[in-house]
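In this note's numbering, the protein residues as written are 1 to 448. Built from N, CA and C at the ideal position, the CB exists for glycine as well. This one's a predicted model, so the numbers in the text were calculated from it and none came from an experiment. The next block holds one structure in the form of structure tokens; read it before the comments.
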Amino acid sequence: MPITFDDTNARPFIGRGAVDAFTEPVAAAHARLHAVPDDEQVLGWVDWPKNYDRQEFAHIQTAAERIRKQSHALVVIGIGGSYLGAKAAIEALGHTFRNQADGEMEIYFAGHNTSARYLIDLLDVLRGKEVSVNVISKSGTTTEPALAFRILREYMENRYGEEEARKRIYVTTDAEEGALLQLSDEKGYETFVIPADIGGRYSVLTPVGLLPMAVAGLDIEAMMAGALAACERYGIGNLAENPCYQYAVWRNLLHADGKSIELLAVYDPALEYVAEWWKQLFGESEGKEGKGLFPASVTFTTDLHAIGQYIQQGPELFIETVLQVTKPSVDWTIGEDPANLDGLNFLSGQTLNEVNEQASRGATLAHVDGGVPNMRIEMEELDEFNFGELIYFFEKACAMSGLLLGVNPFDQPGVEAYKRNMFALLGKEGFERERANLQARMQAANLE
Ligand code: PA5
Numbered sequence: 001m002p003i004t005f006d007d008t009n010a011r012p013f014i015g016r017g018a019v020d021a022f023t024e025p026v027a028a029a030h031a032r033l034h035a036v037p038d039d040e041q042v043l044g045w046v047d048w049p050k051n052y053d054r055q056e057f058a059h060i061q062t063a064a065e066r067i068r069k070q071s072h073a074l075v076v077i078g079i080g081g082s083y084l085g086a087k088a089a090i091e092a093l094g095h096t097f098r099n100q101a102d103g104e105m106e107i108y109f110a111g112h113n114t115s116a117r118y119l120i121d122l123l124d125v126l127r128g129k130e131v132s133v134n135v136i137s138k139s140g141t142t143t144e145p146a147l148a149f150r151i152l153r154e155y156m157e158n159r160y161g162e163e164e165a166r167k168r169i170y171v172t173t174d175a176e177e178g179a180l181l182q183l184s185d186e187k188g189y190e191t192f193v194i195p196a197d198i199g200g201r202y203s204v205l206t207p208v209g210l211l212p213m214a215v216a217g218l219d220i221e222a223m224m225a226g227a228l229a230a231c232e233r234y235g236i237g238n239l240a241e242n243p244c245y246q247y248a249v250w251r252n253l254l255h256a257d258g259k260s261i262e263l264l265a266v267y268d269p270a271l272e273y274v275a276e277w278w279k280q281l282f283g284e285s286e287g288k289e290g291k292g293l294f295p296a297s298v299t300f301t302t303d304l305h306a307i308g309q310y311i312q313q314g315p316e317l318f319i320e321t322v323l324q325v326t327k328p329s330v331d332w333t334i335g336e337d338p339a340n341l342d343g344l345n346f347l348s349g350q351t352l353n354e355v356n357e358q359a360s361r362g363a364t365l366a367h368v369d370g371g372v373p374n375m376r377i378e379m380e381e382l383d384e385f386n387f388g389e390l391i392y393f394f395e396k397a398c399a400m401s402g403l404l405l406g407v408n409p410f411d412q413p414g415v416e417a418y419k420r421n422m423f424a425l426l427g428k429e430g431f432e433r434e435r436a437n438l439q440a441r442m443q444a445a446n447l448e
């Protein structure tokens, strides 16, 4: 059963007619997404499930097998689009406590922060374990992963010697350029190619995500099959037949109507990093030129006891999109307790999934009453096939949503601003003028 999109609880806020008015703009944006040739080199992901490089795919599978044999732990180094998708998949589809569970390949992430404590603690837990490293950076120049790799490379060389470290370090980067490619060529690391026409946040189904996933033991063939099904299903320009585009239209309608924050609500902590990945996808794609819904996420029922109050009765800023798995693979039947001291015998015989489902229904209705339009995206099972479909659903919806909003969903000019300041403050060559300006500003702002 394919992913479904349900707008029933958004309709009272706008009315279905408004959606139909988008039929023409959606058809035009669809034509742009399927344009050939792709002059700006940003649309490689659109037909990727059909066109992906089978040889590179086999290379990933062979390397993953080798890594699983040679190591207990894989450290995945990357930031933003170069790690969130893999982490989302591994957490959604694997053991909740993978790194503590018997017989599981341990997967750690690094290079997504500049915390000394994080790296020191990571090196501490790696002690006594056989380790491999997969460093991922499309540009090959991003500071955070480059720094983490410098530290982990030194760790690997000290621990294994240069020759053995070479066999345990795997590089995923651009085929043509970047410091990481140069370093990799010089050291002789095994490399995997990130296609030039697939940007970071659209790259989870390339070696960027697939190698760590395969090392974690996920079935990446099934994932690509799910993405292919989605590619065909959502490759239709007719809004009435394309739920992925309907979601994009609803987001735009509700944003234009004054809502400023979209909450992606999940009811299983296994989906927390799917929400993190989704936030980056939509945030970096749409938040520009003073426009865009702010993408936030909530894990229910946990957050119902934290910010549920604000959602229910705070300012009417929110729309809520519930991402629900309808047939979770495991369940737990609640037992009968003769003493019934906790008063929970009314739940005996019901299951935790049923409780979760009723919590979801109850929260949805309450939030709608509190002025929060609600949309629902449902997937039947949480497995590799469905995950591949979901990733593609959101990528296509995001691209469509950005085009309808009138922004370029494939660039991220704003991310450069902090980098320039950081480089200037850290004394990088070529940033001397910015450094002097920033120092004067810091003095005035009492930040020195
Ligand atoms: O989506 C994006 O383009 C970004 O989030 C990048 O993935 C992130 O900045 C990491 O870039 P790189 O892979 O070049 O190190």
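Pairing Pro212 with Tyr273, the inter-Cα distance amounts to about 15 Å.
Taking Ala399 as the centre and dropping the five residues before and after it, the same chain places the C-beta of Leu33 and Pro409 closer than 6 Å to its C-beta, in chain order.
Cα atoms of Leu126 and Gly140: separation of roughly 25 Å, rounded to the nearest angstrom. Annotation: the continuous alpha helix (DSSP H) that includes Val249 extends over Pro243 to Ala256. Out of Trp278, Gln324, Ser203 and Ser260, the CA that lies nearest to the CA of Asn353 is found in Gln324.
Ligand 1 has a heavy atom closer than 7 Å to the beta-carbon of Pro145.
Taking 8 Å as the upper bound for CB-CB distance, Leu93 and Phe393 are not in contact here, some 16 Å apart. Between Lys50 and Leu228, the C-beta spacing is below 8 Å. Val372 is a Cβ neighbour of Phe318, given a cutoff of 8 Å. Residues of the same chain with a CB within less than 7 Å of the CB of Ala366, apart from the 5 flanking positions on each side, are Gln312 in chain order. Judged by DSSP in its simplified three-state form, Met375 adopts strand. Taking Ala275 as the centre and dropping the five residues before and after it, the same chain places the C-beta of Leu264, Val266 and Ser297 closer than 7 Å to its C-beta, in chain order.
The DSSP-derived three-state label of Ser137 is strand. When the beta-carbon positions are compared, Ser401 and Arg251 come within less than 8 Å of each other. When C-alpha distances from Ser115 are compared across Pro145, Asn134, Asn99 and Leu253, the shortest belongs to Pro145. Listed in chain order, the non-local C-beta contacts of Gly85 below 6 Å within the same chain comprise Val204, Gly209 and Trp277, local neighbours out to five positions each way being set aside. DSSP places Val208 outside any beta strand (DSSP E); the residue lies instead in the alpha helix (DSSP H), whose first and last residues are Pro207 to Val215.
Taking C-beta atoms as the reference points, Thr333 and Thr351 count as a pair closer than 8 Å. Ser132 is positioned such that its CB atom lies closer than 8 Å to that of Arg168. Separation of the CB atoms of Phe192 and Tyr170 is rounded to 7 Å, and the pair is thereby assigned contact status at 8 Å.
With fewer than 16 neighbouring CB atoms inside 10 Å of its own CB, Arg150 falls in the exposed class. For Val42, the shortest separation between its Cβ and any heavy atom of ligand 1 does not lie below 7 Å.
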